[in-house]
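Student: Dropping the structure in here first, questions after.
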Amino acid sequence: MNLLDSLYRDTKMENIWSLESTISYWLRVEAELAGALADADVISRSDANAINDVCSIGNIDTDRLIRESANVGYPIVSLISMVCESLTPEQAGKVHWGATTQDIMDSALVLQICDALKHVLELQLHFGNSLSDLAERHAKTVMAGRTHGKQATPTTFGAKCAVFIDQVVSDRRRLLNSYRSISNVSLHGAAGTSSALFPHGEAVRGALAKRLNLENKIIPWHVNRSAVIEVADAISACLQTLIRLAREIIDLSRTEIAEISEASSKNKGASSTMPQKANPVESESIIGFGISGSTHAQALHRAAESAHERSAGEWQIEWRVLPDIFTCLSSALSLAISATKNLQVFPDRMLMNCALDGGMLLAEAAMMHLAPRMGRDQAHKLLYEVCLNARKLNESFEHSLRESLGAKFDDLFKDFSFDPAGHIGEAPRVALEGVRIWSVSKTDLIPN
1 MNLLDSLYRD TKMENIWSLE STISYWLRVE AELAGALADA DVISRSDANA
51 INDVCSIGNI DTDRLIRESA NVGYPIVSLI SMVCESLTPE QAGKVHWGAT
101 TQDIMDSALV LQICDALKHV LELQLHFGNS LSDLAERHAK TVMAGRTHGK
151 QATPTTFGAK CAVFIDQVVS DRRRLLNSYR SISNVSLHGA AGTSSALFPH
201 GEAVRGALAK RLNLENKIIP WHVNRSAVIE VADAISACLQ TLIRLAREII
251 DLSRTEIAEI SEASSKNKGA SSTMPQKANP VESESIIGFG ISGSTHAQAL
301 HRAAESAHER SAGEWQIEWR VLPDIFTCLS SALSLAISAT KNLQVFPDRM
351 LMNCALDGGM LLAEAAMMHL APRMGRDQAH KLLYEVCLNA RKLNESFEHS
401 LRESLGAKFD DLFKDFSFDP AGHIGEAPRV ALEGVRIWSV SKTDLIPN
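Quick note on full-length UniProt numbering: the sequence shown kicks off at 1 and runs consecutively.
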């Protein structure tokens, strides 16, 4: 296990994708397949019940399964063998009836992905709640808006948080769409024709889908991995939101800016040599998980390049990548929940930073104040020269503007406020709109 996972991995997600859990998902599908066969009168109910009773992780020797599967290349042959050892020969003859290895593994994978998505959505709910609290609390907390890395116009910290909320709402919608897209049973046989179950294939597949609470997709998807890609892309979008948040926290907590900070505690983010350091370790680790997960997710696009009716190597990419990207996402989300829930916000520093450029943060506001009298273009030219002079002479924006306008200044700017709080536009409304859309989305987007 790598260091990042050792420090911050989400153990609940790790358990969903553990070998023992994966085997249990396979066993569940084999058990429910037997039940579906009985539902369709293909095998007896007593045989189905007997198979169900022995499809238990306690009957599986994991070491033996791995050893035998390394020889076969796939695990279901060994799994079936161990299941059959606890049955009579007649009952054993009904195990795995009409299915192929990929049917079992894909149906189990869908169950696994759905459980993983439910966990992600639950974590995302807490993350969104933390962002919503910040947006509401700081709807009117004035700060400098920054474009191209430089101060631009005044905004509020709540409005900044609302943009993240909007991203999370979109991310959540993508996750739910992927949840619906992936929720299909797989029972199509060796080459996708269900010939081994004919003429009962449709009935058995429908019964299995009902038992697993999945959809009955008539067209086989052994090599059509578009739903898996949709899941991967949804995860990537979520990770990109988290990376952006983490970088925002790191940037705004720089010593020279110091407008926010991760919560402090003894030795958190400590340096081995610089006693003063308190590094933003949660945000740094979010970036580590985020870049790793989103990079690995792209491999699933290559896994979708399978030829003919079944893959020859591409499928194995999913075995490695899906557990990793889900664990990266849930681990990053857990860190983001902590970072936002405990975030320290410094409004006084935000306001102080608004004056760092001598008040030029209000240049656009001053331009638009003059525009009705002289036209926007002329006002822009005037304010551009004012800002050049202010920087050249190291003067405040207001002083340079007064010098440029001379006696006209008092009349032209008598009703203009040089307080950044007077020029935040719709920022408070934006912040509260973020709160509103989250209050709706967090309830409307929960899966059944």
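All C-beta atoms in this analysis are idealised placements derived from N, C-alpha and C, irrespective of residue type, glycine included. Keep in mind the model is a prediction, meaning the values are calculated, not measured.
1. Who are the near neighbours of Lys442 in its chain, counting only those whose CB is closer than 7 angstroms to its CB and skipping five residues on each side?
2. Near Met368, which residues of its chain fall below 8 angstroms by C-beta distance, leaving aside the five closest residues on each side in sequence?
3. Rounded to the nearest angstrom, what separates Val440 and Val169 at their Cα positions?
4. Assign Ile66 to one of three DSSP states: helix, strand, or coil.
5. Our contact map puts Leu131 next to Phe157 with C-beta atoms below 8 angstroms; I'd like the distance itself, whole angstroms only.
6. Nearest to Ser236 by CA position, among Thr327, Gly288, Gly293 and Thr22, is which residue?
7. Among Leu300, Ser334, Ala258 and Trp319, which has the Cα closest to the Cα of Ser283?
8. For the segment 245-255 and the segment 211-224, state whether three or more C-beta atom pairs, one from each stretch, are separated by less than 8 angstroms.
9. Could you spell out the range, first to last residue, of the alpha helix (DSSP H) harbouring Arg9?
10. Suppose contacts are defined by Cβ-Cβ distances below 8 angstroms. Is residue 451 in contact with Arg45 by that definition?
11. Nearest by alpha-carbon distance to Cys84: which of Gln112, Glu68, Cys55 and Ala144 is it?
12. Taking 7 angstroms as the cut-off, is the CB of Trp315 close to at least one heavy atom of the ligand SAM?
13. Give the DSSP bridge partners of Lys150, in chain order.
14. Taking the CB atoms as reference points, tell me whether Tyr25 and Leu111 lie closer together than 8 angstroms.
15. What residues in its chain sit with their C-beta under 7 angstroms from that of Ala50, if we drop five residues either side in the sequence?
16. Ignore the nearest five residues each way along the sequence and tell me which others in Asn353's own chain have a CB closer than 6 angstroms to its CB.
17. Please say whether Gly359 and Phe289 have beta carbons closer to each other than 8 angstroms?
18. For Thr101, which of helix, strand or coil comes out of DSSP?
19. Compare the Cα-Cα distances from Gly201 to each of Ala297, Gly98 and Leu361 and report the closest residue.
20. Val29 and Ser81: beta carbons closer than 8 angstroms?
21. What is the DSSP secondary structure of Val142, reduced to helix, strand or coil?
22. Between Phe397 and the rest of its own chain, which residues show a CB-CB distance below 6 angstroms, the 5 nearest in sequence each way excluded?
23. If you run the structure through DSSP and keep just helix, strand and coil, what is Asn52?
24. When you compare only the Cα positions, how much space is there between Val120 and Thr193?
25. Could you please give me the residues that DSSP links to Thr155 through a beta bridge?
26. Would you tell me roughly how many angstroms separate the C-alpha atoms of Asn15 and Ser311, rounded to the nearest one?
27. What's the call for Lys160, buried or exposed, on a 16-neighbour Cβ count within 10 Å?
28. For Leu362, I'd like the list of residues in its chain whose CB is within less than 7 angstroms of its CB, leaving aside the five on either flank, ordered along the chain.
29. Using the C-alpha atoms, what's the distance from Pro199 back to Asn52?
30. Roughly how many angstroms lie between the CA atoms of Ala303 and Trp319, to the nearest whole one?
31. Does the beta-carbon of Ser400 have 16 or more other beta-carbons within 10 angstroms, so that it is buried, or is it exposed?
32. Select from Leu242, Thr100 and Leu212 the residue whose C-alpha is nearest the C-alpha of Asp166.
33. Looking at the structure shown, is Ile43 part of a helix, part of a strand, or coil, going by DSSP?
34. Rounding to the nearest angstrom, what Cα-Cα distance links residue 481 and Phe346 in this structure?
35. Among Gln316, His301, Arg244 and Val185, which has the Cα closest to the Cα of Ala287?
Tutor: Here's the rundown:
1. Within the sequence shown, residue 442 is the residue found at index 442, counting from 1. Leu125 and Gly128, listed in sequence order.
2. Here residue 368 refers to the residue found at position 368 of the sequence shown. Non-local C-beta neighbours of Met368 in its own chain, meaning closer than 8 angstroms and more than five positions away in sequence, comprise Arg376 and Ala379, ordered along the chain.
3. Position 440 of the sequence shown holds residue 440. Position 169 of the sequence shown holds residue 169. When rounded, the distance between both Cα atoms is 10 angstroms.
4. By 1-based counting over the sequence shown, the position of residue 66 is 66. Correct three-state label for Ile66: helix.
5. What you label residue 131 is simply residue 131 of the sequence shown in a count that begins at 1. What you label residue 157 is simply residue 157 of the sequence shown in a count that begins at 1. 11 angstroms between Cβ atoms; not a contact.
6. By 1-based counting over the sequence shown, the position of residue 236 is 236. Ranking the options by Cα distance to Ser236, first place goes to Gly293.
7. Residue numbering aside, residue 283 sits at position 283 when the sequence shown is read from its first letter. Of the candidates Leu300, Ser334, Ala258 and Trp319, Ser334 places its Cα closest to the Cα of Ser283.
8. The segment 245-255 is not in contact with the segment 211-224.
9. Within the sequence shown, numbered from 1, the residue matching residue 9 stands at position 9. Where Arg9 is concerned, there is no enclosing alpha helix (DSSP H), given that its DSSP letter is neither H nor E.
10. With the chain covering 1 to 448 only, the question about residue 451 has no answer from this structure.
11. Counting from 1 along the sequence shown, the entry for residue 84 is found at position 84. Per the C-alpha coordinates, the member of Gln112, Glu68, Cys55 and Ala144 positioned closest to Cys84 is Cys55.
12. The ligand SAM is absent from the structure shown, which contains no ligand whatsoever.
13. Here residue 150 corresponds to residue number 150 of the sequence shown, with the count starting at 1. Per DSSP, the beta bridge partners of Lys150 are Thr147.
14. For the purposes of this step, residue 25 is taken as the residue at position 25 of the sequence shown. For the purposes of this step, residue 111 is taken as the residue at position 111 of the sequence shown. In this structure, Leu111 lies closer than 8 angstroms to Tyr25 by Cβ.
15. Numbered from its first residue, the sequence shown carries residue 50 at position 50. So the list reads Leu87 and Gln91, once near-sequence residues are dropped.
16. For the purposes of this step, residue 353 is taken as residue 353 along the sequence shown, with counting starting at 1. Counting only Cβ-Cβ distances below 6 angstroms, and skipping sequence neighbours, we find Ala144.
17. To locate residue 289, count along the sequence shown from 1; it is residue 289. To locate residue 359, count along the sequence shown from 1; it is residue 359. Their beta carbons are not under 8 angstroms apart, which means Phe289 does not touch Gly359 by this criterion.
18. As a working mapping, residue 101 is identified with position 101 in the sequence shown. If DSSP states are grouped into helix, strand and coil, Thr101 belongs with the helices.
19. As a first step, residue 201 must be located in the sequence shown, where it is residue number 201. Ranking Ala297, Gly98 and Leu361 by Cα distance to Gly201 puts Gly98 first.
20. Counting from one through the sequence shown, the residue named residue 29 turns up at place 29. Counting from one through the sequence shown, the residue named residue 81 turns up at place 81. Val29 places its beta carbon 8 angstroms or farther from that of Ser81.
21. The residue given as residue 142 occupies position 142 in the sequence shown. Val142 falls in the strand class under three-state DSSP.
22. Position 397 of the sequence shown, counting from 1, holds the residue named residue 397. Contacts found: Gly358, Gly359, Met360 and Ala390.
23. Working through the sequence shown from its first residue, we reach residue 52 at position 52. Helix at Asn52.
24. For the purposes of this step, residue 120 is taken as residue 120 along the sequence shown, with counting starting at 1. For the purposes of this step, residue 193 is taken as residue 193 along the sequence shown, with counting starting at 1. So the alpha carbons of these two residues sit roughly 35 angstroms apart.
25. By 1-based counting over the sequence shown, the position of residue 155 is 155. Per DSSP, Met143.
26. Here the question's residue 15 lines up with position 15 in the sequence shown. Here the question's residue 311 lines up with position 311 in the sequence shown. Their backbone Cα atoms lie some 28 angstroms apart in a straight line.
27. Along the sequence shown, read from residue 1 onward, the residue named residue 160 stands at position 160. Label assigned to Lys160: buried.
28. As a working mapping, residue 362 is identified with position 362 in the sequence shown. Non-local beta-carbon contacts of Leu362 in its own chain, meaning distances under 7 angstroms to residues more than five positions away in sequence, involve Phe397, Phe418, Pro420 and His423 in chain order.
29. The residue you call residue 52 lines up with position 52 of the sequence shown. The residue you call residue 199 lines up with position 199 of the sequence shown. Taking the CA atoms as reference points, Asn52 sits about 24 angstroms from Pro199.
30. Taking the first residue of the sequence shown as 1, we reach residue 303 at position 303. Taking the first residue of the sequence shown as 1, we reach residue 319 at position 319. In a straight line, the C-alpha of Ala303 is about 10 angstroms away from that of Trp319.
31. Position 400 of the sequence shown holds residue 400. Buried is the call here.
32. Your numbering for residue 166 matches position 166 in the sequence shown. Distances from the CA of Asp166 to each of Leu242, Thr100 and Leu212 were compared; the closest alpha carbon is that of Leu242.
33. Taking the sequence shown and counting its residues from 1, one reaches residue 43 at position 43. Of the three classes helix, strand and coil, the one that applies to Ile43 here is coil, per DSSP.
34. The structure shown does not extend to residue 481, since the chain spans only 1 to 448, so no value can be given for it.
35. In the sequence shown, residue 287 corresponds to position 287, counting from 1. Just to set this straight, residue 287 is Ile in the shown sequence, not Ala. Comparing Cα positions, the closest option is Arg244.
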